[in-house]
Structures are given as structure tokens and as C-alpha cells.
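Here's the structure we're looking at; comments come further down.
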Amino acid sequence: MDNKSEVKVLETKNISKSFGPVQALDKVNFDLNKGEIHGLLGENGAGKSTLMNVLYGLYKEDEGDIYLRGEKVDFNSPIDSIKNGIGMIHQSSTLVPEFTALENLILGTEGNKMSLELKGAEKKIKNLQEEFGLKFPLGTKVKDLPAGVKKKVEIIRAIYRGANILILDEPTTSLVEKEFEQLLKSLKKMVNNGVTIVFITHKIKEVLQACDRASVLTGGVMQGTVDTTKATKEDLVKLMFQNQEINITESAIPIIDVPEVEKTEKPVLSLNNLSAKSNEKDGTDLKSVSFDIYGGEILGIAGISGNGQKELAEVIIDPNNITDGEINLLGEKVNGLTTNQIFDRNVFYIPEDRKKEAILGRGDITNNVLLGHQREDRFQSNGIIKWKKVRDDTKDVIKEYGVKTPDEKQQIGKLSGGNIQRVVIGRALLNDLDLLVTHSPTAGLDMASVEFVFKRLVELRSKGTAVLYINEDLDELMEVSDRIGVIHEGKLIEIFNQDQYDKYEIGSKMIGG
Ligand SMILES: Nc1ncnc2c1ncn2[C@@H]1O[C@H](COP(=O)(O)OP(=O)(O)OP(=O)(O)O)[C@@H](O)[C@H]1O
Ligand SMILES: [Mg+2]
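Numbering (the working numbering), first residue to last: 28 to 540.
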């Protein structure tokens, strides 16, 4: 391709960076060709975000050099890198939720004081949206936008600020395949306009589909860069997991052995024509949803994010806001019970947003393991917490779930995503469960951690637990679910049995087809 010359637009030489005792980057060499989409792969905690944050001027390298178009640069903050045409979309949104998309776009750029200039900005932004196929309503508050749309806002913001090198840190975590394909189209248009892109993801399939080259970072060490037109998914797995044996499907999902299990005679959970109001102002209300889940069964829920998945999970663990219909747990109507009362019935919940909803980021691992269990007799008597018991159980969780941490006193928010999720799952599975409700438990996890989560879900199923497994990733759902229900605009459109799994068919239901 002619616009992909061998000019290195960006290059790092021997970049090292430590956080206290953790060496996040160890003499990393990395380079970008002009006009390429360059994938960056590596396990949780490999140093991907750190490397990009160094390029973006957010972190200062301990040693090494950065060259921009052949010239050595020294960025002291993102202000410097933005001026030099580097834009970064971080792993978690940096938009101001209370502001509209438009306000977020012009925030921090010059000349936004007068309404006339605002009008000019709006016009320019609309042109960019048109040009790159990234449409979204400019007047909507960001907090009311689904995850996929927020990414679009952030990308347009970077381009609007003049980025010609765009760093995307795991942009597809909560996107379904269709949304990924749309995003890819937009990225290709940008590339044709001279933009160079770094694309961080855990999904090998996306790398092979989207990228020209890909680099693999593990344990802070650059393992190599491959030409993705020549490399196979096995080549990439080998670079990522030199010593580990991981079997993957056609779609590059870890293969799990799912044994035959006898289902319970009666359902553990039944929803009968359940309608419920969302807890959020612009959330999606549930409309007459009905299904049963039996013990020993994983019911997957597929859908594009923001179609009532969160509401579905929440109404089960907090059965309020019900406007019609009923929820039965082990044959008993539970409408109106509190979350505590639901948890007392051997139910646990793994929410979607790990950092905001599942953990107390500033608390240590011990505090976090106790969350949701604090009223159980084994952890308290007369309201006094038995800390020794909690600590002992926490140590067991760390061991059993392979949490990489110095000890149980570690602040949980400082762990990598995969390690936080291991704690969250260990906590959920402290007791034998009748029902586990879990929403995107593998989001942002590396392949080894995805395999780990799958194995735990399948083990639960073997023990006779009913699992409600909500996920945007259809490949993952198809790998471990006994049945898959499709949710769209708050309605459960259809439930597919395993022998009816067809990606195209399920996918078209997800978009309302
Ligand atoms: N601000 C920080 N303070 C302390 N340690 C940090 C900080 N940022 C990163 N680390 C540590 O540096 C290492 C690399 O982290 P980094 O976030 O770059 O990994 P990553 O490859 O982006 O992982 P993930 O796929 O989970 O996003 C990890 O061990 C992490 O705990
Ligand atoms: Mg990261």
C-alpha cells in the first residue's frame, strides 16, 4: 500500500519504567510505521498501558528515548504530546459524565468561550463525524451514552484536537462484533487520511482482522513484532504464552471442557413476564421478560450493551422497581425483597463494572473479600467482624485463585484487571451457591484469565449452581453456555438451544432483526 512507507513516525529505544518494586517496562523497543494499524497484545499487567502512557507523556520513563518522526522528544505531560499530534483513548473513559458530548469535545480546547466559536466548533465536529462515520448525538449527556458511543466521542475528541497518531487502549472491551466492525471501518478511513493507530486488545481475532503489524509485550519485555498478513493466531499465542499450553477455538477463544451435567428438576430462577424500571434515568426498562434457569445450567444472555442487561442483573439481586410480573427463586416469589435477603438465599453477583461496582478500590484485598459476606455468622458475631477469619479466608482466595499480589494487605485498586477479577470471583464463590448472576466477568481479561473464569463457571455448573451469564462477546457465550437468550431493547427476543447456535442468526437478533 502506497501510503504505508517505512518512515517511523514514532519509535522507542530501551524504555524502562518501574513503579516501586514493579518493573512495568524493561528496555522496550517499539516502533510505528506511518499509516499503519499496529496491534499491541500481552497479558494483564504486561505493561501495555504503561508503554502508551509513557508515549503520551502521562508517565515519565526511567530510562530510554522516544523519537517522533526521527527527532528525539521529551514529553512532560499530555499537553506536550497532544501538541505533537498524539491522541490517546484510555482504558476507562475520561469524559465528564455530566457534560454533553459536544461540551466534552470542546472542553480544554482553545476558543470555546463565545457562542459563535461554539457554532464553528460544532460544524467542524459534525464534518469529522460525517467523514469518519462516527455519528452520535452531540447534545446528549455522556452519562446517558452506551459504552460503544462513548468510545466514538473520545475518538472524535482526539481527532478534533489534531491527533495524527491515535492510541486506543482496549477500545473494544464492551463492544459486540458488529460495533467492532463499524469501529474498524472508521479507523481505516482515518488511516487513509494519514493517521497512524496503536490498537491494544486481548482479542487475537481483532488483531488479525484490524492490524497491519502487531507487537507482543509480556512481563514488561517486548517479545517481538509480527506482520499480521503472514502471522497466524497460533504464532501470536506462542509469543504471548511461551510456556503455557492454551488451546483456542477458530475465534481465538480458550477451549474449555464442558462436561455433561444433570440439571435440577425444578428451576432455580424463574422470571415470569417481568417488567421493571431501570435505576438509571435513560436506562432501558425490562419488558415482559420470561425465562427459567435450572441448577447445573449456564444461561447466556447476548445483546449489544445498553439493551437491558444491567437492569436484568440488577432486578434479580434487588427485586424492586418491578412494574409487572414476578421473580421466583427456588419456587418462592421474591418481588420486593432486599439485596441482603436475596444474598441470604445463596445468590451472589459479579457486576459488570469491576472497578466502580465490584470493589472498594482503596480498600485492601481482605476488606474486599468481606464485601457481601459481612453479615454471615462465620465472619461476625453480634456485629463484630472476626478479622482473623476474614484474613485467613482471604489468604485462601489468593492461593486458590492464583491472585498475583505481595499479600492480602495490598490495596486492591492497584492490582491488574485480571488479578482484581480473580479476587471478585473468589469472593463470589466463598459459599456454595444456588444462583450466580455474572455480567461480563471476562471483560478486559487476558486469555489465560478468560480460561480461568470459564473453568470456574463450568465448575459451578457441575456443582449444580444455576448461572446467569451476561456477556457482549458472542464467541465467549457460545463456548460455555447451555442456552443463549438474546436481549434487545429490554425484551428477551429468543432463547437458542446449543444445537441451534448460529452466529449470524443470533447476531441479527441482537440488532433487532
Ligand atoms: N500507577 C501505577 N502504580 C503502581 N503500579 C502500576 C501503576 N500502573 C501500572 N502499574 C503496574 O505496572 C504493571 C503494568 O501495568 P499496565 O497497566 O501497564 O499493564 P497492561 O498490560 O495495560 O494490563 P491490562 O491488560 O490489565 O490493562 C502492572 O504490574 C501494574 O500493576
Ligand atoms: Mg492496560
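Think of the CB as a built atom: it goes at the ideal place given N, C-alpha and C, for glycine as much as any other residue.
Since this is a predicted model, take the numbers as computed values, not measurements.
Mind reading off the beta-carbon distance from residue i to residue j? Whole number of angstroms is fine, and I expect it under 8 Å.
| i | j | result |
| --- | --- | --- |
| V19 | L296 | No information on residue 19 is available, as it lies outside the stretch 28 to 540 that the chain covers here. |
| E63 | D239 | 4 Å |
| E125 | K179 | E125 to K179, Cβ: 19 Å. No contact. |
| L214 | I227 | That pair is no contact at about 13 Å. |
| S332 | A174 | 5 Å |
| R542 | K416 | A query on residue 542 cannot be resolved here, the shown segment of the chain reaching from 28 to 540 and no further. |
| I116 | E181 | 5 Å |
| L484 | V450 | About 16 Å separates the two Cβ atoms, so there is no contact after all. |
Please classify residue i: does DSSP put it in a helix, a strand, or coil?
| i | result |
| --- | --- |
| S535 | helix |
| P105 | helix |
| G540 | coil |
| I344 | helix |
| R418 | helix |
| R389 | coil |
| L364 | coil |
| Q437 | coil |
| E98 | strand |
| T432 | coil |
| T350 | strand |
| N524 | strand |
| E427 | helix |
| F370 | helix |
| L134 | coil |
Which residues in the same chain as residue i place their Cβ atom closer than 7 Å to its Cβ, once the five residues preceding and following it in sequence are excluded?
| i | result |
| --- | --- |
| N524 | R510 |
| L235 | T255 and K260 |
| S476 | N71, G445 and Q448 |
| L442 | T432 |
| Q156 | K162 and I183 |
| I275 | K260, V264, P281 and I282 |
Beta-carbon within less than 6 Å of residue i's beta-carbon, same chain only, minus the 5 sequence neighbours each way: which residues are those?
| i | result |
| --- | --- |
| I349 | A303 and N362 |
| V396 | T421, V424 and R454 |
| D351 | S302 |
| K232 | S278 and A279 |
| Y528 | M505 |
| E379 | H466 and S467 |
Quick one: what's got a C-beta closer than 8 Å to residue i's C-beta in the same chain, skipping five residues either side?
| i | result |
| --- | --- |
| D391 | E435, K436, Q437, Q438 and I439 |
| V81 | T39, I42, K44, L52, K87, E88 and I93 |
| N139 | A caution first: N139 carries a pLDDT of 47, below 50, which makes its placement in the model unreliable, though a value can still be read off. Around N139: I133, L145 and A148. |
| K177 | S120, L122 and V169 |
| K487 | A quick correction: the sequence has Leu, not Lys, at residue 487. These residues qualify, in order along the chain: L456, L460, L463 and V494. |
| K151 | Y187 |
| V55 | T39, N41, I42, S43, G74, L78, G91, L244, G247, V248 and M249 |
| K153 | L165 |
| K482 | I283 |
| K230 | T199 and A279 |
### Query
Taking contact to mean at least 3 C-beta pairs separated by less than 8 Å, is the stretch 454-466 in contact with the stretch 487-499?
yes
### Query
Which runs of the beta strand (DSSP E), 3 residues or longer, sit entirely within the stretch 35-73?
35-46, 49-60 and 64-68
### Message
If contact is defined by three or more beta carbon pairs under 8 Å, each pair taking one atom from either stretch, is the stretch 320-332 in contact with the stretch 282-297?
### Response
yes
### Query
Taking any heavy atom of ligand 3 as the mark, which residues have a C-beta closer than 7 Å to it, listed down the chain?
With respect to small molecules bound, the structure shown includes ligand 1 and ligand 2 and not ligand 3.
### Task
Write down every uninterrupted run of the alpha helix (DSSP H) in the stretch 137-219 whose length is 4 residues or greater and which is fully enclosed by it, in chain order.
142-159, 174-187 and 204-219
### Task
Count the CB pairs spanning the stretch 213-220 and the stretch 102-118 that are closer than 8 Å, and state whether there are at least three.
no
### Query
What are the uninterrupted segments assigned as alpha helix (DSSP H) that are 4 or more residues long and contained completely in the stretch 301-336, given in chain order?
none
### Task
Give, in chain order, every unbroken run of the beta strand (DSSP E) that is at least 3 residues long and sits entirely within the stretch 463-522.
493-497 and 510-515
#### Entry: Ordered list of alpha helix (DSSP H) runs contained in the stretch 226-300, each at least 4 residues
231-237 and 260-267
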